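A.B. asks: Could you have a look at this structure, given as structure tokens, before my questions?
There are 2 protein chains.
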Amino acid sequence: MQSHSSERSQQHARYLEPRHLELLREIAARGTLAAVAKATHRTPSALSQQLRTAERDLAVKLVEPDSRGVRLTPAGQLLAEGADEVISSLARVQARLDASTGEPRGSVSIGTLPSAGQVLLPQLLRRLRDTAITLTLDDFDIAEADFAARALDADIVISHSISGRVPRGAEGLINTVLTREPIDVVLPVEHALATKAELTPHDVVDHDWVGVPEGYPFDAIPVAIEQLTGRPVHRTLRLRDNHLLESLVGAGAGIGLLPRFSTRPAPGVVLRPLVGVSASRSIVALSRPDRYERLAVRTVTEHLVSIGAELMGGYSVQHG
Amino acid sequence: MQSHSSERSQQHARYLEPRHLELLREIAARGTLAAVAKATHRTPSALSQQLRTAERDLAVKLVEPDSRGVRLTPAGQLLAEGADEVISSLARVQARLDASTGEPRGSVSIGTLPSAGQVLLPQLLRRLRDTAITLTLDDFDIAEADFAARALDADIVISHSISGRVPRGAEGLINTVLTREPIDVVLPVEHALATKAELTPHDVVDHDWVGVPEGYPFDAIPVAIEQLTGRPVHRTLRLRDNHLLESLVGAGAGIGLLPRFSTRPAPGVVLRPLVGVSASRSIVALSRPDRYERLAVRTVTEHLVSIGAELMGGYSVQHG
DNA sequence: ACTGAGCGTGTAGGTTGCCTACATGCAGTC
DNA sequence: GACTGCATGTAGGCAACCTACACGCTCAGT
Chain A
12 MQSHSSERSQ QHARYLEPRH LELLREIAAR GTLAAVAKAT HRTPSALSQQ LRTAERDLAV
72 KLVEPDSRGV RLTPAGQLLA EGADEVISSL ARVQARLDAS TGEPRGSVSI GTLPSAGQVL
132 LPQLLRRLRD TAITLTLDDF DIAEADFAAR ALDADIVISH SISGRVPRGA EGLINTVLTR
192 EPIDVVLPVE HALATKAELT PHDVVDHDWV GVPEGYPFDA IPVAIEQLTG RPVHRTLRLR
252 DNHLLESLVG AGAGIGLLPR FSTRPAPGVV LRPLVGVSAS RSIVALSRPD RYERLAVRTV
312 TEHLVSIGAE LMGGYSVQHG
Chain B
12 MQSHSSERSQ QHARYLEPRH LELLREIAAR GTLAAVAKAT HRTPSALSQQ LRTAERDLAV
72 KLVEPDSRGV RLTPAGQLLA EGADEVISSL ARVQARLDAS TGEPRGSVSI GTLPSAGQVL
132 LPQLLRRLRD TAITLTLDDF DIAEADFAAR ALDADIVISH SISGRVPRGA EGLINTVLTR
192 EPIDVVLPVE HALATKAELT PHDVVDHDWV GVPEGYPFDA IPVAIEQLTG RPVHRTLRLR
252 DNHLLESLVG AGAGIGLLPR FSTRPAPGVV LRPLVGVSAS RSIVALSRPD RYERLAVRTV
312 TEHLVSIGAE LMGGYSVQHG
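Given below as structure tokens:
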């Protein structure tokens, strides 16, 4: 019967290290070491060394060279999948702790499209003022299909979808619909159509338009109008920024589309509801499941839901 | 919209650290820092510092002074419980990895009572010879109720129970019955009872006995005999070690009890089955659930089950 | 075929964090 | 009231992690 010696010589890592699991998961998600390095604010060299020590500890190859970059081995993929389980488990325990101490804590990162952020975030900041939650914000204006990828970087991604209830590509993510926001027609106050309370596709199809780039969510509506009426929509411009669009509409460049809640019309332009075609967008909060385990993240999401509901309620009082 | 700065100043620990969770669990299980320090081969000072950094990271008090030692706060207990979840999760992923690479790896620690180890472990060592599993062994001869506590220290505790199917105190543990081993009467070959093939309580109650200390598992059998026959068993000696007991039986100090599989009778003594009273013990492998998640631990346990089955099979061929 | 850009890997060196050794304070025990 | 055992500080050694920098490789463009 031998005795207890050579403790950490044999089983050098008593447990699998979450650090290594997370690294593998990031590699699986982002594809290249360089991308992970940028996202985690480290050098590729550091990651490469981490991989080597992980491989030494586990006595398993985790990555293989693959043309320019690397590819996970089957063992590496296995661990990358297991990472979700472990990290969710850690976050779940942390959430229980936060709940027991009463107050959620920590930093929550939010990425948002500008228009939704403009209407949701001021209220959110007000609500979080006296809490132990701090926010980190980022904004971007991207195609609908690209929102899901941002959930790698931010705890909560505020995205939108014209086509469906949630954006495409959000399958593995927690999604929470914050509000359903009508998309109105914006036009100069002296425009002929400004006298009508509501506008139909046939009303608007033959006027000049200020549109958005192809593939951008809002473009789905003029496309639907073209299909419905069988006539082409003439876009004089294609712009990304809503405020720029609004000012050009006011200058007579044409009529356009703007989300109702996020727009406080400038003098000289008015909003008119568009009926007879689906003209609204979902504002959706996306989170990767393990991030959503954190109490602070859930709390912020719940605030956003509440703020979104206020928007819809406030509108119906004001206009209905 | 502020930007991404102050990464690790705010959320100093991106995740809850398994290191801290495990420490809390150990404190919950062993009661004092000093005990944990001894078990993990560290100094109490190191643990104290770990606790302080954990408390600083989490902004929560985890332990309180309690007379001579410390006591976990509610938050500390919460995390100690969560540790099981997290560590099991880690071990589960590790097990999947081990299974995928084909061979279980690593060091498995076994604590055993000597008699069972004597019969099980040689065979086990033979089976593990060409594997990547290494063993760390410890042995102890303790009261039945104390086996469960050893599962804190060893991956697998080979214990026994006369009274029940499993030892008392093994509630939260994975238990696997390896074999059911008859307890035979050992007596000198020239003893009057040696001519009989089987012995009853009435046969043996009026002879001198060599017993074990009170509270030791085997003592349950003479106690049962006393209750059944209504007459006292006269113990000339109380001994712990089976081989010493056997040699004194051979020297005429009395008759005794020995487990059948673990005993290869020396010249001068013989074994006779005891009938009419429950005279057998379960040999049981105990493991803490998170330790049992490891593939190597399961593999070794399965080997032990197989070896235990061979023992019972071999006996029935020989004697049945 | 050559050049440049992007990616991963190695090496050297600085910083951080963990641990041991030792000393101190404190609570029960004989 | 001395003794024992436990927890907690402090100082210093040692290992781990990371950055900076250089190099080899692959693919794309000229």
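First to last, the sequence lines map onto chains A and B.
The working numbering numbers the first residue of the first sequence as 12 and each following residue consecutively.
The working numbering numbers the first residue of the second sequence as 12 and each following residue consecutively.
Glycine is no exception: its CB is placed at the ideal position from the N, C-alpha and C atoms.
Just so we're clear, the structure is a prediction, and the values are computed from it rather than from any experiment.
(1) Interface residues of chain B around A/R116 at Cβ under 8 Å?
(2) One question on the structure: do B/A57 and B/E28 come within less than 9 Å of each other, judged by their Cβ atoms?
(3) Using a beta-carbon distance below 9 Å, is B/Y303 in contact with chain A?
(4) Given 8 Å as the limit, is there contact between the stretch 155-169 of chain A and the stretch 232-245 of chain A, that is, 3 or more CB pairs closer than that?
(5) At what residue ranges does the stretch 249-324 of chain A contain a whole run of the beta strand (DSSP E), taking only runs of 3 or more?
(6) Between the stretch 307-323 of chain A and the stretch 182-201 of chain A, are three or more C-beta pairs nearer than 8 Å?
(7) So within the stretch 196-255 of chain A, which uninterrupted beta strand (DSSP E) runs reach at least 3 residues, ignoring any that extend past its ends?
(8) Interface residues of chain A around B/V104 at Cβ under 9 Å?
(9) Do A/V260 and A/P212 have their C-beta atoms within less than 9 Å of each other?
(10) Does DSSP put B/E192 in a helix, in a strand, or in coil?
(11) Evaluate contact between the stretch 81-92 of chain B and the stretch 104-113 of chain A, counting only Cβ atoms and requiring at least three cross-stretch pairs below 8 Å.
(12) Which residue from A/G319, A/I318, A/A307 puts its Cα closest to that of A/T147?
(13) Which bits of chain A does B/T112 rub up against, with CB to CB less than 9 Å?
(14) Just checking: is the beta-carbon of B/S100 within a distance shorter than 9 Å of some beta-carbon in chain A?
(15) Within its chain, find whatever has a CB closer than 6 Å to the CB of A/G319; leave out the 5 residues flanking it on each side and keep chain order.
(16) Say whether chain A places a C-beta atom closer than 9 Å to the C-beta of B/H314.
(17) Rounded to a whole number of angstroms, what is the C-alpha to C-alpha distance between A/P300 and A/L101?
(18) Between which residues of its own chain and A/L282 is the CB-CB distance below 6 Å, once the five residues before and five after are set aside?
(19) Report, in whole angstroms, the separation of the C-beta atoms of B/A159 and B/P178, which I expect to be a contact under 8 Å.
(20) Out of A/E92, A/V311, A/V104, state which residue places its alpha-carbon closest to the alpha-carbon of A/E33.
(21) Can you pull the chain B neighbours of A/L108, defined as C-beta to C-beta under 9 Å?
(22) With a threshold of 9 Å between beta carbons, is B/A320 in contact with chain A?
(23) From what residue to what residue does the alpha helix (DSSP H) around A/K171 run?
(24) Here's the rule I'm using: 16 or more other beta-carbon atoms within 10 Å means buried, otherwise exposed. How should A/S174 be labelled?
(25) Touching or not, the stretch 49-63 of chain A and the stretch 127-143 of chain B, by the rule of three or more beta carbon pairs under 8 Å?
(26) Please name the residue in B/S317, B/G287, B/V288, B/V286 whose C-alpha comes closest to that of B/A296.
(27) For A/D252, which of A/I294, A/L268, A/H245 has the nearest alpha-carbon?
(28) In angstroms with no decimal places, state the Cα-to-Cα distance between A/Y303 and A/V119.
(29) Where DSSP assigns a beta bridge to B/S339, which residues make up the other side?
(30) Using DSSP bridges, identify the partner residues of B/L83.
(31) Buried or exposed: where does A/R19 fall if 16 or more other Cβ atoms within 10 Å of its Cβ makes it buried?
(32) Would you kindly work out how many angstroms separate the C-alpha atoms of B/A39 and B/A181, rounded to a whole number?
(33) Could you check whether B/A127 and B/I169 sit closer than 9 Å to each other, using their CB atoms as the reference points?
(34) May I ask you to check if the CB of B/E66 is nearer than 8 Å to at least one heavy atom of the ligand ADP?
C.D. replies: Taking the structure as given:
(1) A70, listed in chain order.
(2) In this structure, B/E28 does not lie closer than 9 Å to B/A57 by Cβ.
(3) It does not; no Cβ of chain A falls within 9 Å.
(4) Touching, no.
(5) Secondary structure in the stretch 249-324 of chain A: the beta strand (DSSP E) runs of 3 residues or longer, each lying completely within the stretch, are 267-270, 280-284, 291-298 in chain order.
(6) Judged by Cβ distances under 8 Å, the stretch 307-323 of chain A makes contact with the stretch 182-201 of chain A, as three or more pairs qualify.
(7) If only uninterrupted beta strand (DSSP E) runs of at least 3 residues are considered, those enclosed by the stretch 196-255 of chain A are 219-222, 245-249.
(8) Ordered by position in chain A, the residues that pass the 9 Å Cβ test against B/V104 are L27, L32, L89, L90, E92, G93, A94, E96, V97.
(9) Not a contact, by the Cβ cut-off of 9 Å.
(10) For B/E192, the three-state secondary structure derived from DSSP is strand.
(11) Touching, yes, given that three or more Cβ pairs across the two stretches are closer than 8 Å.
(12) Of A/G319, A/I318, A/A307, the residue nearest in Cα terms is A/A307.
(13) Result: L69, A70, V71, A86.
(14) It does; some Cβ of chain A falls within 9 Å.
(15) If we look at A/G319 and ignore the five residues flanking it on each side, its Cβ neighbours are L189, T190.
(16) Not an interface residue.
(17) Computed Cα separation, rounded: 12 Å.
(18) Contacts found: D195, V197, P276.
(19) With a Cβ gap of about 6 Å, B/A159 and B/P178 count as contacting.
(20) Out of A/E92, A/V311, A/V104, the CA that lies nearest to the CA of A/E33 is found in A/E92.
(21) For A/L108, the neighbours in chain B by C-beta distance under 9 Å run, in chain order, L27, L69, V71, A86, L89, L90, G93.
(22) Chain A, which has no Cβ nearer than 9 Å to the Cβ of B/A320, makes this no.
(23) The question names Lys, yet the displayed sequence has His at residue 171 of chain A. Careful: A/H171 lies outside any alpha helix (DSSP H), inside the beta strand (DSSP E) at 167-172.
(24) By the neighbour-count criterion, in which a residue is buried when 16 or more other Cβ atoms sit within 10 angstroms of its Cβ, A/S174 is exposed.
(25) Segment contact: the stretch 49-63 of chain A against the stretch 127-143 of chain B, fewer than three CB-CB distances shorter than 8 Å; contact not assigned.
(26) Closest option to B/A296, Cα to Cα, is B/S317.
(27) When only C-alpha atoms are compared, the closest one is A/L268.
(28) Using only the alpha carbons, I get a separation of about 10 Å.
(29) Residue coverage of chain B in this structure runs from 12 to 331, which leaves residue 339 of chain B outside it and unanswerable.
(30) In DSSP, B/L83 forms a bridge with B/V74.
(31) For A/R19, the pLDDT reaches just 34, beneath the cut-off of 50, and the residue's location in the model is therefore unreliable, leaving the point undetermined.
(32) If you take the alpha carbons of B/A39 and B/A181, they lie about 17 Å apart.
(33) Yes.
(34) Absence of the ligand ADP is noted for the structure shown, with no ligands found whatsoever.
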